[in-house]
Every structure is written in structure tokens, then in C-alpha cells.
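What follows is a set of notes on a single structure, which appears directly below.
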DNA sequence: AGCCTATACTTGAGGTCACAAGCTTTTGCT
DNA sequence: AGCAAAAGCTTGTGACCTCAAGTATAGGCT
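Residue numbers (the working numbering), protein chains in the order written: chain A, 13 to 173; chain B, 13 to 173.
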């Protein structure tokens, strides 16, 4: 009986939550170690370079980059500090609004991204793809996208009442 | 065209990986802030208390707790330092092997867990459950369980030779 | 114009984690 | 027994991130 009576049961929500966090920690740790060893980049540093590379003119406001990376403003300041220090990213002032500065991908940064991309994306594909059949990864991605904050909020589809 | 020619494409594996990490960051940040504000516990502190509560005699070797929580040995030392400091966990020496010490849940720790459990599990259910139909959470949990490191490796199914 | 709030960003302080190195004890090998 | 390797744990160091607070600029309102 009831020695375990006070221990919370594991509902589907909690099961999913626990596995989500564990999966992220496990996968991130592995890929982060490889990326760091191979190229000296953190995952967020890589994602930052990638995000910039995809942006128009390879430039973004720091705030928008923070949103993209799910970082706080101060987090992005420090991340860019180190990327600027390595010469991967430059800084430019905005003409019309002197509060904002842009983060701009440099040529060096683009080269670094291209260099890191080859091994990193292969490692991701190996780690993620290994245990899934076709379609299951898409299914997983679709389910994850429903969680709040994962995909940028879609304002356009609010017909409200 | 092809301004974007050097930018990595997004395969299903990478899409799933990116969303996995984003989901974890978003969900963890929210729940961690609530848990910390309401009860002064980090998520790992809560999980540690919970894991201990479920263990036989509410006690575990520190190494095994580290494995359960996906932490390194040093990570668990520091986590337990603070839990011991708060009186939630005690320490006991192993008789037969003097290298190992056990982490033991105290009465105070059990009370704390019970106190935190009510709000925390409700918040998890709200956050996770909100955007899914029946069965989808189980589906998500099942998919996540396939990733390496998420569920403890099952040694028992090695027929070896 | 003056003021008030919001926005963009930076900085200081603190928390959490990993890695590397070190200590002690145990185990396996000869 | 003796020695080497492994296991369990702790500590120093540094990376990364957040929160709170501060600065500076922009925009709206009276």
C-alpha cells in the first residue's frame, strides 16, 4: 500500500515534458561538444551565424536576433561580443533610429559558417535520423511546433470572434 | 538568383532538432520561472527530490542520481550541496563501499516536494496540454523516447552470446 | 515644448552547468 | 601481495545565460 501515496503520478503531459527536456539536454550536449571541438562554436553561435546568413543583406537588429534565438537582450549582447571579437560579425548603426544597431555577418563569418555547416549538419542528421522512420521526424517536428514559443507567433490568422 | 546558395538547407532532421531545442528552452524557461517564484526550486532540484522520493528508501547513490537527472558528477555535487543546505536532502555513507555516499530525502524534503508538486504539475499540464488533442502527447513522448539518452538504456534485451 | 512611456541596448551580479584535475577507495590482473 | 586501472566523488575554472538596473533614443499626449 501507499508508501508511494504522496508521490505525484506521471500524466501524459508530464511524461512528454520530462522527455522533452531530457531529449534536448542529451542531444544538445552531444552536438554542442562536437561543434565546439570541431569549430570552436557554441550552438547558439552557429545558429546566430546561420540566422544572419539567411537575413536580408545578412544583417539584423540585435533585438530581432534575440527573438530568433530565444535569447534575452543581454544574452545576445554577450553572444555578439564574442562573435565580433572573432571577426565573424560586425556592428552597424542605424541611420534613422540611433537606438538600434545591426549585427552584420562578415565575410569571415560566412566562411566560418560554411566550414562548420558541413560537419555540423551531418552530425545532426546522424543523431536525429538514426532512430526514426521516414515521416516520423516530420511528425515530431510538427508536434513540437505546437508548443508556445517554438514557432514565431502567427498574428495573421486571428479572426477572433 | 542563388544569393542563398551557400546557406544550408533545412532537412527534416534539422527542422526537428531546431524545434526540439526551441521547445525545450521555451517550456523550461516558463516552468522554471514559475517553480522558482512559487517555491524557490530549480527544475533539477524538483526532479532530484522527485527521483529520490521514488527510489527505494528514498535514497540513491549520487552517481545514479546524476545519471537519472542527466547531470555530470560535479553537477550533482553542487545540486545536492544546495539541497543539503536547505535541509531537503541528507547524506549517508555506504558501509560496504567507502567511495559512495547516498543522497537521502529528508522529511523536510518530502514535505517540500509535496508542496511544490501541486502547483508545478498543474502548470506543466496547462502548458503542455493546451495545444494537443488526446493521444498526441503520448505520441510526442513516444517519439522523444527514441532519441539516444532520453530513456535509460535497456540492458536486459541484449541476448549477447 | 514638456513629459511620460516604450524600446534598444549594455553592464553588474549571480546561478547553473561542464570539463579537467585531483583524491580516495575498490577491483582486476599477475 | 603488489600494482594498475576503474569508479565515486569533490573542487577550480570558465562558459553561458538570466535578471535587475541603468543609459540613451524615440514617439505619443497634453
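Yeah, the Cβ is synthetic: ideal placement off N, Cα and C, and Gly gets one too.
These figures come from a predicted structure and were not determined experimentally.
Q. Which of the three DSSP states, helix, strand or coil, is assigned to residue 104 of chain B?
A. To locate residue 104 of chain B, count along the second chain from 1; it is residue 92. Residue state, collapsed to three classes: strand.
Q: List the whole-angstrom C-beta distance separating residue 61 of chain B from residue 117 of chain B, where the pair is believed to meet the contact cut-off of C-beta under 8 angstroms.
A: Position 49 of the second chain, counted from the start, is the residue given in the question as residue 61 of chain B. Position 105 of the second chain, counted from the start, is the residue given in the question as residue 117 of chain B. Indeed they touch by this definition, with Cβ atoms about 7 angstroms apart.
**Q.** Rounded straight-line distance, which links the Cα of residue 32 of chain B to that of residue 40 of chain B
**A.** In the second chain, residue 40 of chain B corresponds to position 28, counting from 1. In the second chain, residue 32 of chain B corresponds to position 20, counting from 1. Using only the alpha carbons, I get a separation of about 12 angstroms.
Q) Looking only at DSSP bridge pairs, what is residue 117 of chain B linked to? A) Taking the first residue of the second chain as 1, we reach residue 117 of chain B at position 105. DSSP, once it has assigned bridges, lists B:101 as partnering residue 117 of chain B.
Q: Pull up the distance between the alpha-carbon of residue 73 of chain B and that of residue 80 of chain B, whole angstroms please.
A: By one-based count along the second chain, residue 73 of chain B stands at place 61. By one-based count along the second chain, residue 80 of chain B stands at place 68. Residue 73 of chain B and residue 80 of chain B: Cα-Cα distance of roughly 11 angstroms.
Q.
Counting only C-beta atoms, is residue 12 of chain A closer than 7 angstroms to chain B at any point?
A. This structure does not reach residue 12 of chain A, given that chain A is present from 13 up to 173, and the question cannot be answered.
Q. Helix, strand or coil: which one does DSSP assign to residue 66 of chain B?
A. Taking the first residue of the second chain as position 1, residue 66 of chain B is located at position 54. Helix, per DSSP.
Q: Grab me the residues of residue 120 of chain B's own chain with a C-beta within less than 7 angstroms of its C-beta, minus the 5 sequence neighbours each way, in chain order.
A: Walking along the second chain from the start, residue 120 of chain B turns up at place 108. Only 99, 100 meet the Cβ criterion.
Q: State the Cα-Cα distance for the pair residue 78 of chain A and residue 88 of chain A, rounded to the nearest angstrom.
A: For this step, residue 78 of chain A is matched to residue 66 along the first chain. For this step, residue 88 of chain A is matched to residue 76 along the first chain. Cα to Cα, the separation comes out at about 6 angstroms.
Q. Taking all protein chains shown into account, do 16 or more other C-beta atoms lie within 10 angstroms of the C-beta of residue 25 of chain A, making it buried, or fewer, making it exposed?
A. Here residue 25 of chain A is taken as the residue at index 13 of the first chain, counted from 1. Classification of residue 25 of chain A: buried, given that the 10 Å Cβ count is 16 or more.
Q | Beta bridge counterpart(s) of residue 72 of chain A as assigned by DSSP | A | For this step, residue 72 of chain A is matched to residue 60 along the first chain. Per DSSP, A:115.
(Q) Is residue 171 of chain A close to chain B? Criterion is C-beta to C-beta, closer than 7 angstroms. (A) By one-based count along the first chain, residue 171 of chain A stands at place 159. Caution applies to residue 171 of chain A, whose pLDDT of 45 falls short of 50 and renders its modelled position unreliable; the value that the coordinates give is listed next. Taking Cβ atoms only, chain B never reaches closer than 7 angstroms to residue 171 of chain A, which makes this a no.
Q. Do residue 140 of chain B and residue 144 of chain A come within 7 angstroms of each other at the CB atom, strictly closer than that value?
A. Locating residue 144 of chain A in the first chain gives position 132, counting from the first residue. Locating residue 140 of chain B in the second chain gives position 128, counting from the first residue. Going by C-beta atoms, residue 144 of chain A is not nearer than 7 angstroms to residue 140 of chain B.
Q: Under 7 angstroms between beta-carbons, which chain A residues line up against residue 129 of chain B? List them in chain order, please.
A: For the purposes of this step, residue 129 of chain B is taken as residue 117 along the second chain, with counting starting at 1. In chain order: 20.
Q. From this set, B:164, B:129, B:160, which residue's C-alpha is nearest residue 22 of chain A's C-alpha?
A. The count along the first chain starts at 1 and reaches residue 22 of chain A at position 10. It is B:129 whose Cα lies nearest to the Cα of residue 22 of chain A.
Q) Which word fits residue 147 of chain B, buried or exposed, when buried means at least 16 other C-beta atoms lie within 10 angstroms of its C-beta? A) Counted from its first residue, the second chain places residue 147 of chain B at position 135. Exposed: under 16 other Cβ atoms inside 10 Å.
Q: Go to residue 32 of chain A, then tell me how far its alpha helix (DSSP H) extends in each direction, as first and last residue.
A: Here residue 32 of chain A is taken as the residue at index 20 of the first chain, counted from 1. Element bounds for residue 32 of chain A: 24 to 51.
(Q) Among the candidates B:64, B:54, B:58, B:76, whose CA atom is the shortest distance from the CA of residue 164 of chain B? (A) Looking up residue 164 of chain B in the second chain gives position 152. For the residues B:64, B:54, B:58, B:76, the minimum Cα distance to residue 164 of chain B belongs to B:76.
Q: For residue 36 of chain B, count neighbouring Cβ atoms within 10 angstroms of its own Cβ and tell me buried if that reaches 16, exposed if not.
A: Position 24 of the second chain holds residue 36 of chain B. With 16 or more Cβ atoms within 10 Å of its Cβ, residue 36 of chain B is classed as buried.
Q: Tell me, please, whether the CB atom of residue 133 of chain B is closer than 7 angstroms to any CB atom in chain A?
A: For the purposes of this step, residue 133 of chain B is identified with residue 121 of the second chain, where counting begins at 1. At least one chain A Cβ lies under 7 angstroms of residue 133 of chain B.
Q | Partners in chain B for residue 105 of chain A, counting only beta-carbon separations shorter than 8 angstroms | A | As a first step, residue 105 of chain A is located in the first chain; it is residue number 93 there, counting from the start. In chain order: nothing, as chain B lies at least about 24 angstroms away.
Q | residue 149 of chain A (DSSP reduced to helix, strand or coil) | A | For the purposes of this step, residue 149 of chain A is taken as the residue at position 137 of the first chain. Here residue 149 of chain A sits in helix by DSSP.
(Q) Could you tell me the alpha carbon to alpha carbon distance between residue 84 of chain A and residue 91 of chain A, rounded to whole angstroms? (A) The count along the first chain starts at 1 and reaches residue 84 of chain A at position 72. The count along the first chain starts at 1 and reaches residue 91 of chain A at position 79. Straight-line Cα distance between these residues: approximately 11 angstroms.
(Q) Could you tell me the alpha carbon to alpha carbon distance between residue 155 of chain B and residue 42 of chain A, rounded to whole angstroms? (A) Here the question's residue 155 of chain B lines up with position 143 in the second chain. Here the question's residue 42 of chain A lines up with position 30 in the first chain. Near 19 angstroms, if we compare the C-alpha coordinates of residue 42 of chain A and residue 155 of chain B.
Q) Sorted by chain position, which residues of the same chain lie with C-beta nearer than 6 angstroms to residue 124 of chain B's C-beta, five sequence neighbours on each side aside? A) Against the second chain, residue 124 of chain B aligns to sequence position 112. 100.
Q) Would you say residue 155 of chain B reaches chain A, if we count a Cβ-Cβ gap shorter than 7 angstroms as a contact? A) What you label residue 155 of chain B is simply residue 143 of the second chain in a count that begins at 1. Output row for residue 155 of chain B: interface = yes.
Q) Applying a beta-carbon distance threshold of less than 7 angstroms, which residues of chain B neighbour residue 31 of chain A? A) As a first step, residue 31 of chain A is located in the first chain; it is residue number 19 there, counting from the start. Near residue 31 of chain A (Cβ distances below 7 angstroms), the residues of chain B are 153, 156, 157, 162.
Q.
For a contact defined as C-beta to C-beta under 7 angstroms, what are the partners of residue 37 of chain B on chain A?
A. Numbered from its first residue, the second chain carries residue 37 of chain B at position 25. By Cβ distance, chain A contributes 82.
(Q) Is the beta carbon of residue 38 of chain A closer than 7 angstroms to that of residue 52 of chain B? (A) One-based indexing of the second chain puts residue 52 of chain B at position 40. One-based indexing of the first chain puts residue 38 of chain A at position 26. Cβ distance not < 7 angstroms, so residue 52 of chain B and residue 38 of chain A don't count as in contact.
Q: Could you check if residue 110 of chain A is buried or exposed, using at least 16 other CB atoms within 10 Å of its CB as the buried criterion?
A: The sequence position of residue 110 of chain A within the first chain is 98, counting from 1. Residue 110 of chain A comes out exposed.
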